[in-house]
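Quick notes on the structure that follows.
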Amino acid sequence: MIPLYPLNTYSDLSFFALLFAGFMGLAIGSFINVVADRLIHDEPLSGRSHCDYCKKTLSFMDLIPVFSYLFLRGRCRYCHKKLSFQYPLVEFLTGCLFILVVLLSPQADMLHIVLYWGIVSSAWIIFISDLKYQLISDSVQLTFFVFVFLLKLIERATLFSLGFDVISGVMVALPIGLIYLISRERAMGLGDVILAFIIGFLFGMGKGFLALYFGFVIGAVVGIALILSQKKKLKSSISFGPFLILGMIIVALWGDVLLQGIKRIYGI
Numbered sequence: 007m008i009p010l011y012p013l014n015t016y017s018d019l020s021f022f023a024l025l026f027a028g029f030m031g032l033a034i035g036s037f038i039n040v041v042a043d044r045l046i047h048d049e050p051l052s053g054r055s056h057c058d059y060c061k062k063t064l065s066f067m068d069l070i071p072v073f074s075y076l077f078l079r080g081r082c083r084y085c086h087k088k089l090s091f092q093y094p095l096v097e098f099l100t101g102c103l104f105i106l107v108v109l110l111s112p113q114a115d116m117l118h119i120v121l122y123w124g125i126v127s128s129a130w131i132i133f134i135s136d137l138k139y140q141l142i143s144d145s146v147q148l149t150f151f152v153f154v155f156l157l158k159l160i161e162r163a164t165l166f167s168l169g170f171d172v173i174s175g176v177m178v179a180l181p182i183g184l185i186y187l188i189s190r191e192r193a194m195g196l197g198d199v200i201l202a203f204i205i206g207f208l209f210g211m212g213k214g215f216l217a218l219y220f221g222f223v224i225g226a227v228v229g230i231a232l233i234l235s236q237k238k239k240l241k242s243s244i245s246f247g248p249f250l251i252l253g254m255i256i257v258a259l260w261g262d263v264l265l266q267g268i269k270r271i272y273g274i
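According to the working numbering, the sequence shown is numbered sequentially starting from 7.
Now the structure itself:
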């Protein structure tokens, strides 16, 4: 998804370009917080932001990403209730992710960068909403797929290559789909199946299965750790979407290297 280049190519990047990416990420991160919470509760995205406790409409000065939280010391200006640390954390991490996208693709044009940002933002919303509510919005999944599809189009995808990408998506989603059907939605949700399809469509079969593998491994490690720490029971449900997103990130960053290593090991 994101090509990696030698470090010496980074010297061509303008400081102001990285600064712009960071500020864009902070702003989009604030919007991501809104989307992740409102879509799950079927609330309109167009409404004014308000305090979760006193419902007071927030002013512009209350909504400056990260800085408002720090200035208000993590409390609502009106009722003084403690605000969730999720908001500045998501804003800050989104800013870092937007900068990282630019750093990892210094030769990409602005259209590619915007689509990469769209993919990152959609995946980030899925990660947050599934982790927090164990639900993935269909509209966010659709948005995620649209960004991926547009990326394929500007990379001059043909009908044949798109058809193969669809087959790859189906194959990568198949294991999740079988678990979904066999467990009757207790082990996996339909949102996980759709997410696996989009990842397969994005990366192709090889990297898609690799992302799926890392998702299962990370999920198993975290699940065992939560059970051993008694934070979860053996029959407790754990969101799988965030682990799929983490697998996707690993493959986006190191997929080619990992596949080459696998081929060398097995002599493929």
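Idealized CB from N, CA, C, for every residue including glycine.
Burial check for P71: the Cβ neighbour count within 10 Å reaches 16 or more, so the residue is buried.
Distance from A226 to M254 at the Cβ level is roughly 17 Å; contact not present, criterion being Cβ atoms closer than 8 Å. In the assembly as shown, A202 is a buried residue. Its beta-carbon has 16 or more other beta-carbons within 10 Å. Between G35 and V108, the C-beta spacing is not below 7 Å. Within the region 82 to 112, no run of beta strand (DSSP E) at least 3 residues long lies entirely inside it. Residue environment for P50: exposed (fewer than 16 other C-beta atoms within 10 angstroms of its C-beta). About 11 Å separates the Cβ atoms of S243 and D136, ruling out a contact at the 8 Å cut-off. The Cβ atoms of G247 and I132 lie closer than 7 Å to each other. Beyond the five residues adjoining it in sequence on each side, G229 comes within less than 6 Å, by CB distance, of I244 in the same chain, given in chain order. Here T164 carries a coil assignment [DSSP, helix/strand/coil].
In the three-state reduction of the DSSP assignment, H118 falls in the helix class, which pools H, G and I. Here the region 148 to 165 lies against the region 111 to 123, with 3 or more beta-carbon pairs under 8 Å apart.
Boundaries of the alpha helix (DSSP H) harbouring L196: 196 to 209, taken from the DSSP string.
Selection W260, Y75, A42, L24 evaluated against V146 yields A42 as nearest (Cα-Cα).
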